[in-house]
């Protein structure tokens with residue numbers, strides 16, 4: 262309540278859940294992290310905190326929602342301006358990712374392989390404490406995935422992934438405006454504008470203000486529908502005889 266900084270989180274929901282989607286989301290977040298920081302923090306100097314990453318959201322009742330998050334904090338730009346800057350970065354990133362120039366494509370392929378190796382190293386990193394192992398197992402229980410060998414499944418899904426597949430995935434996630442959610446936080450001392458002035462004219466066709474979270478959650482979903490991933494345990498339970 263006493264913080265003078267403004268903040269934005271721009272969240273893009275991933276269409277489905279599952280190992281393949283989780284790997285693609287993590288890899289896309291890894292590829293976006295450095296260019297996001299470079300454009301929004303180094304070049305535009307919006308604020309001290311700039312981050313881009315894959316961010317699963319664990320609800321009180323599963324299944325979890327997976328997505329990409331861009332987080333920016335600024336002392337002199339309001340949330341609407343931060344939102345515009347974040348969207349410009351996404352458009353720029355997609356333009357570079359989709360480039361068909363041969364030399365750029367070659368450079369992208371090399372960068373893509375480096376990011377894959379980085380993600381693989383993170384997946385393969387061994388737990389060093391009982392607490393870490395326990396946390397991993399409880400995460401499977403709370404999310405109702407029950408994928409005890411999840412690390413091996415993720416590793417196997419990373420290996421065959423191609424740059425072309427990731428570009429198609431990125432288009433699906435980042436170029437569907439209806440599946441993004443922007444959280445605007447105003448700093449202390451700044452009054453939140455009325456609806457007509459809250460959202461800039463150039464964004465009014467893409468943004469709808471949520472006045473009540475409860476009403477929004479009860480409304481028909483405008484986001485991708487989420488279903489439970491099919492696991493062997495779930496299949497066995499569904500086919501087991503009932504007495």
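In this note's numbering, the protein residues as written are 262 to 504. For every residue, glycine included, the Cβ atom is placed at its ideal position computed from N, Cα and C. Source: prediction; values computed, not measured.
Notebook entry, point to check: Under three-state DSSP, which class holds residue 267?
Noted result: strand
Next item on the list: With a threshold of 6 Å, establish whether the CB of residue 327 neighbours any heavy atom of the ligand COA.
Entry: Summarising the ligand content, the structure contains no ligands, and the ligand COA is consequently not present.
Check: Quick one: is residue 454 buried, meaning 16 or more other Cβ sit within 10 Å of its Cβ, or exposed?
Finding: exposed
Check: In three-state terms, what does DSSP make of residue 332?
Finding: strand
Next item on the list: My understanding is that residue 380 touches residue 289, with C-beta atoms under 8 Å, so please give their C-beta distance in whole angstroms.
Entry: So it is not a contact: roughly 10 Å between Cβ atoms.
Checklist line | residue 346: first and last residue of the uninterrupted alpha helix (DSSP H) it sits in | finding: 340 to 358
Check: Hey, would you say residue 272 sits closer than 7 Å to residue 328, going by beta carbons?
Finding: yes
Check: So what's residue 314 in DSSP terms, helix, strand or just coil?
Finding: strand
Margin query: Quick check on DSSP: helix, strand or coil for residue 441?
Written below: strand
Check: Ordered along the chain, which non-local residues of its own chain (more than five positions away) have a Cβ less than 7 Å from that of residue 264?
Finding: 448 and 449
Check: Per DSSP, what kind of secondary structure is residue 275 in: helix, strand or coil?
Finding: coil
Notebook entry, point to check: Taking just the CA atoms, how far does residue 350 sit from residue 300?
Noted result: 7 Å
Notebook entry, point to check: Leaving out the 5 sequence neighbours to the left and right, which residues in its chain are closer than 8 Å to residue 385 when beta-carbon positions are compared?
Noted result: 412 and 416
Checklist line | Distance CB(residue 373)-CB(residue 285) smaller than 7 Å | finding: no
Checklist line | Contact under 7 Å by Cβ, residue 292 with residue 313 | finding: no
Check: Going by the CB atoms, is the gap between residue 269 and residue 339 shorter than 7 Å?
Finding: no
Next item on the list: Assign residue 453 to one of three DSSP states: helix, strand, or coil.
Entry: coil
Item checked: Residue closest to residue 267, alpha-carbon to alpha-carbon, out of 275, 335, 376 and 298 -> 335
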